[in-house]
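K.L.:
Dropping a structure here in structure tokens format, bear with me for questions.
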Amino acid sequence: MSSGWVPVELDLAGRLVVCVGAGRVAEGKLAQPLEAGAEVRVIAPQATPGLGEAADRRELTWHARPYAEGDLAEASLVIAGSDDPAVNERVAADAEALRVPCVRVDRDPAAEYPGSAAFPATLRRGPLVLTVGTGGAAPVLAGRLKRELAAQYPPEYGQLAELLAELRDAPEVQAALAPLGDDERRLRWRSVLDADTLQLIRDGELRAAREVAIRCLCSSSG
35 MSSGWVPVEL DLAGRLVVCV GAGRVAEGKL AQPLEAGAEV RVIAPQATPG LGEAADRREL
95 TWHARPYAEG DLAEASLVIA GSDDPAVNER VAADAEALRV PCVRVDRDPA AEYPGSAAFP
155 ATLRRGPLVL TVGTGGAAPV LAGRLKRELA AQYPPEYGQL AELLAELRDA PEVQAALAPL
215 GDDERRLRWR SVLDADTLQL IRDGELRAAR EVAIRCLCSS SG
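Numbering (my numbering) for the sequence shown: 35 to 256.
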């Protein structure tokens, strides 16, 4: 039976993320929005030293006061991160009324407003992002699977993803692929992965890896 959760990637760069609460758990939840370049606004009477220092560096805005009506206006994402379940319930209810996704740190499926979003365990390898989500049901399991993925997909995969992104815009590659049909283009890209491109990247031979990839993409024999 479907859980109702659908994995979606959000572009939060320059968008407002409002976090009500500034404890240790809330600080952890803010790591991804801050890394994404979101405009982060924290509302809480007190904050962890880390969040206070981030506010001093102007990485986020901290309003040192309790949550109030209207605080979620224009938010693209809400984090109900208070240590008080009653506050989180109010924040989640207000977010629901505004149809704004809300991550509730004390997610309780039995609550009237348990939150409508969750941060998955995330592994970043350059532009490559691997996520494991359980809808907040089993974060410990998601964390373990993330560690297993980290061992299976080392940083070289990020370099490979960056190389593929670069070659998509390379004039010689565009010229070679333009006359081809979709199926043939997919075969050319797959041939890059089937070649020794990744091993060359592991060996530090980035120029050779690029040459092999271009040969796969531009040669009629793949």
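Cβ atoms here follow ideal geometry from the backbone N, Cα and C, with glycine treated the same way.
Quick one: which unbroken beta strand (DSSP E) runs of 3-plus residues sit fully inside the region 135 to 202? Chain order, please.
P.N.:
136 to 138, 155 to 159, 162 to 166
K.L.:
Whole-angstrom Cβ separation of Thr165 and Leu175, contact assumed at under 8 Å?
P.N.:
That pair is no contact at about 13 Å.
K.L.:
Since Val42 is in the beta strand (DSSP E), which residue starts that stretch and which ends it?
P.N.:
Counting along the chain, Val42 falls outside any beta strand (DSSP E), and DSSP gives it neither H nor E.
K.L.:
On a Cα-Cα basis, can you pick out the residue from Cys53, Pro41, Thr156, Cys252 that is closest to Ala81?
P.N.:
Cys53
K.L.:
Just tell me which of Ala56, Val112, Glu218, Glu87 has its CA closest to the CA of Ala72.
P.N.:
Val112
K.L.:
So, is Ser37 buried or exposed, given that buried needs 16 or more other C-beta atoms within 10 angstroms?
P.N.:
exposed
K.L.:
Quick one: what's got a C-beta closer than 6 Å to Ile77's C-beta in the same chain, skipping five residues either side?
P.N.:
Excluding residues within five positions, the ones whose Cβ falls inside 6 Å are Val54, His97, Tyr101, Asp105.
K.L.:
Could you check where the beta strand (DSSP E) with Thr95 kicks off and where it finishes?
P.N.:
From DSSP, the beta strand (DSSP E) with Thr95 extends over 95 to 97.
K.L.:
So, using beta-carbon positions, are Arg159 and Ala195 closer together than 8 Å?
P.N.:
yes
K.L.:
Give the single residue among Asp217, Arg222, Asp216 whose Cα lies nearest to the Cα of Val207.
P.N.:
Arg222
K.L.:
Along the chain, which unbroken stretches of the alpha helix (DSSP H) at least 4 residues long are found entirely within the region 50 to 77?
P.N.:
58 to 63, 65 to 69
K.L.:
Please specify which runs of the beta strand (DSSP E), each continuous and at least 3 residues long, are wholly inside the region 96 to 128, giving them in chain order.
P.N.:
111 to 114
K.L.:
According to the Cβ coordinates, are Lys51 and Ser110 closer than 8 Å?
P.N.:
Correcting the residue type first, residue 51 is Val in the shown sequence and not Lys. The Cβ atoms of Val51 and Ser110 lie closer than 8 Å to each other.
K.L.:
Less than 7 Å between the CB of Gly62 and some heavy atom of the ligand HEM, yes or no?
P.N.:
Inclusion of the ligand HEM in the displayed structure is not the case, the ligand content being empty and no account of it being possible.
K.L.:
Just verifying my parser: in three-state terms, what is the DSSP assignment at Ser225?
P.N.:
Ser225 carries a helical assignment under DSSP once its states are collapsed to helix, strand and coil.
K.L.:
Would you give the residue range spanned by the alpha helix (DSSP H) that Leu85 belongs to?
P.N.:
83 to 90
K.L.:
Helix, strand or coil, according to DSSP, for Gln80 in the structure here?
P.N.:
For Gln80, the secondary structure class from DSSP, reduced to helix, strand or coil, is coil.
K.L.:
Please state if the CB of Leu232 and the CB of Ala190 are separated by a distance shorter than 8 Å.
P.N.:
Inspection of the sequence shows that residue 190 is occupied by Glu rather than by Ala. Contact check for Glu190 against Leu232 passes: the beta carbons are separated by less than 8 Å.
K.L.:
With a CB to CB cut of under 6 Å and the five nearest residues on each side skipped, what residues in its chain are close to Ser150?
P.N.:
Pro135, Cys136
K.L.:
Tell me which same chain residues have a C-beta within less than 8 Å of the C-beta of Ala47, skipping the five on either side of it?
P.N.:
Ala70, Gly71, Ala72
K.L.:
Nearest-angstrom Cα distance between Glu87 and Gln66?
P.N.:
Whole-angstrom Cα-Cα distance: 17 Å.
K.L.:
With H, G and I counted as helix, E and B as strand and the rest as coil, what does DSSP make of Pro205?
P.N.:
helix
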